[in-house]
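Position 22 of the sequence shown, counting from 1, maps to 120 under this note's numbering, and the rest follow consecutively.
Even for Gly, the Cβ is constructed at its ideal location relative to N, Cα and C.
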Amino acid sequence: KRWEGRKLSSINKQDVLLLKEGLLKQGRAASTINHYLNAISQLHQVAMNEWDMNLTNPINGIKRMSEPQGRMKRLMPEAEKNLLTYSNESSFSPLSSIIIIAIETGMRSGEILSMRWEDVDLMNRRVLLRHTKNGESRVVPLTYRAREVLEQSQNNSDSELVFPYCRWRVRKHFVKAVQKAQKSHSGT
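Here's what the structure looks like:
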């Protein structure tokens, strides 16, 4: 709404700087502010390159916000043990296998749930992920522990998918296991 009714050509560097300042005051994350700046820049680039509009990109010369490094979080051995204990008690038997694959490979839940047996190479301990968050395929190495879990799962499967379950079902049982593990850890 900030620039509603204005022509693209009327948006200048000062407008963008005021937007950036306003977003900062609202407590928006650096990555969110950068998304705004990138969208404005892309809009101007398309207008200039594809629509032959004579514009100046107001983003030129405006620094992007520095973003914090992605987080690396690893479960402590005791927390992992608790989580797996409660996931084994779940009425959803594949939960512990899914959790072990996530811990051992760092794969996202969507990647795990879209894994196909044809893409799993147990002999060479790797899996090809065709559907990743950024849309590019990648190969993920498998630890010995991950390979063991997949070998056990393969013996119990007649599906093309390694874990043929919907995300909400996995999440529901995962959240319960996490809550029980946290309660047990805090002693309540």
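_I need the straight-line Cα distance from His271 to Ile198, nearest angstrom please._
One-based indexing of the sequence shown puts residue 271 at position 173. One-based indexing of the sequence shown puts residue 198 at position 100. If you take the alpha carbons of His271 and Ile198, they lie about 15 Å apart.
*Which runs of the alpha helix (DSSP H) spanning at least 4 residues fall entirely within the region 192-244, listed in chain order?*
193-203 and 207-211
*To which residues does DSSP link Leu259 through a beta bridge?*
By one-based count along the sequence shown, residue 259 stands at place 161. Its beta-bridge partners are Arg214.
*For Ala127, does the count of other Cβ atoms within 10 angstroms reach 16, so buried, or fall short, so exposed?*
Looking up residue 127 in the sequence shown gives position 29. Label assigned to Ala127: exposed.
*Return yes when at least one heavy atom of the ligand ATP lies under 7 Å from the C-beta of Gln112, else no.*
Ligands in the displayed structure: none, and consequently the ligand ATP is not present.
*Among residues of its own chain, excluding the 5 on either side of Leu121, which ones have a beta-carbon nearer than 6 Å to its beta-carbon?*
The residue you call residue 121 lines up with position 23 of the sequence shown. So the list reads Ile131, once near-sequence residues are dropped.
*What residue from Trp149, Leu240 and Lys179 has the CA that sits closest to Ala275's CA?*
One-based indexing of the sequence shown puts residue 275 at position 177. The residue with the shortest Cα to Cα distance from Ala275 is Lys179.
*From His229 to Lys123, what does the alpha carbon distance come to, in whole angstroms?*
Locating residue 229 in the sequence shown gives position 131, where the first residue counts as 1. Locating residue 123 in the sequence shown gives position 25, where the first residue counts as 1. Each residue's alpha carbon lies about 37 Å from the other.
_Rounded to the nearest angstrom, what separates Asn158 and Ser129 at their Cα positions?_
Numbered from its first residue, the sequence shown carries residue 158 at position 60. Numbered from its first residue, the sequence shown carries residue 129 at position 31. Roughly 18 Å separates the two Cα atoms.
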